[in-house]
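First residue of the sequence shown: 1, per the UniProt record's numbering; consecutive thereafter. To keep things clear, I will list the structure first and then write my remarks on it.
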Amino acid sequence: MEYPSDGLPLGDVKTPRTLFNNGSNFKTEDYCLKRELLMGIFEMGWEKPSPIQEKSIPIALSGRDILARSKNGTGKTGAYLIPHSSHDSVRSPFSSVSTLGGVKVMVTTGGTQIKDDILDILCLHETVHVVIATLGRIMNLMTKSDELLSQDFVVLVEDIVSFFPKEPQILLYSATFPMSVPLFMSKYLQKPYKVNLMEEVTLKGVTQYYAYCRNTLFSRLQINQSIIFYNSTQRVEHLAKQITQLGYSCFYIHARMMQESRNSVFHDFRNGLCRNLVCTDLFTRGIDIQTVNVVINIDFPTSAETYLHRTGRSGRFGHLGLAINLISFEDRSCLKVIEDLLVTDIKPILQHSWKYSSNK
């Protein structure tokens, strides 16, 4: 399996016959979705499919494997959950109405008692349709083992795939893919359909600046909610306390906190109880909070992938966003590399740029 020199998967030459009209709303007749599922979609406020959903949902419904790339905040989660939830293999009656129209979802992560998860599964009288979990925890659940597992995620994923039925449907969605993906794809995916929506500027809608200091930063920005990234766990709590002492509401979250505490902080931040959140890269993926309009990198990331996922926390689903990067002189070469790789422009903050509103 070959990739072009820029590392992006090629799109299929033939355009498949779509099951719906381009730009149309979610409709039963167009998407072949169950009424209960459509009701759940509408309750979430999704009226029209995003481009990644429009291109991949019909393919997923046909049973074909998919490898898809699309920028952060474009609806990738819905792109694979919607066809999964409408699959014929989900035969048990819908007895409760959850976010996606009666789909029973179980969420499990590290930092909680695995015995509680096992008891939940054993005590449920109906099928769990979707399990959302960290890799280590889902392996523990599947093997009922308390042994420490390897941190090599590719090995963990392959272990999980070994439990799948023969010729499973595999859908891979991400904004970035590691170098191990081509090998995994050639080994497990059957003639996957490739969707690449990364030809556009990956951080379109996010205005980006860098500065050499952080003096008066908060007083000069119009912030709905902000996420502030540090590379160091030890410094996260200290910075959050400093921001609070300046008179700005601020929470913090990092990997050393208990899972229950992390969940509580995330829930409160998502509900708008605090304007600013200081965190490590624990918070870079899969977090969709549309009120976040500012991302601040106190420590400049060392890779384009990390920068993309951090900065992509703002500018979600077509909204405008702002990214501020505090850099040292040693970071200048890394900044240039990231600009080139992501085909984006990170500008120095000028005096007239300080009074910036990402809502303009």
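Note that CB positions come from ideal geometry on N, CA and C, so glycine has one too.
- In the displayed model, Tyr230 falls within coil according to three-state DSSP, outside both helix and strand.
- With at least 16 other beta carbons inside 10 angstroms of its own, Val236 counts as buried.
- Rounded to whole angstroms, Val292 and Lys166 show a C-alpha spacing of 42 Å.
- Closest in C-alpha terms to Ser56, from the list Arg275, Ile243 and Asn196, comes Asn196.
- Residue pairing by DSSP places Arg69 opposite Ser174 and Asn196 in a beta bridge.
- For Val343, the three-state secondary structure derived from DSSP is coil.
- Note that the region 255-265 does not touch the region 300-314; fewer than 3 beta-carbon pairs, one per stretch, sit closer than 8 Å.
- Inclusion of Ser249 and Arg275 in the CB contact set at 7 Å is warranted, their separation being smaller than that value.
- Judged by DSSP in its simplified three-state form, Pro49 adopts coil rather than helix or strand.
- Bounds of the beta strand (DSSP E) holding Thr108 are Val105 to Thr108.
- In the structure shown, Asn325 adopts extended strand secondary structure according to DSSP, grouped into three states.
- Secondary structure of Pro348 (DSSP, three-state): strand.
- Listed as beta-bridge partners of Ile243 by DSSP are no residues whatsoever.
- With fewer than 16 other CB atoms across the displayed protein chains lying within 10 angstroms of its CB, Met44 is exposed.
- In this structure, Leu277 sits near Ile227, with a CB-CB distance shorter than 7 Å.
- Around the beta carbon of Leu37, 16 or more other beta carbons sit within 10 angstroms, so the residue counts as buried.
- Looking at Phe184, Leu171 and Ile338, the one whose alpha-carbon comes closest to that of Val155 is Phe184.
- Inclusion of Ala68 and Pro83 in the CB contact set at 7 Å is not warranted, their separation being larger than that value.
- DSSP places Leu308 in the uninterrupted alpha helix (DSSP H) bounded by Ala304 to Thr311.
- The secondary-structure analysis by DSSP pairs Ile289 with nothing; it has no beta-bridge partner.
- Where Asn263 is concerned, the enclosing alpha helix (DSSP H) starts and stops at Gln259 to Arg270.
- Per the C-alpha coordinates, the member of Leu342, Phe283 and Met39 positioned closest to Thr176 is Leu342.
- By the C-beta density criterion, Gly63 is exposed, having fewer than 16 other C-beta atoms within 10 angstroms.
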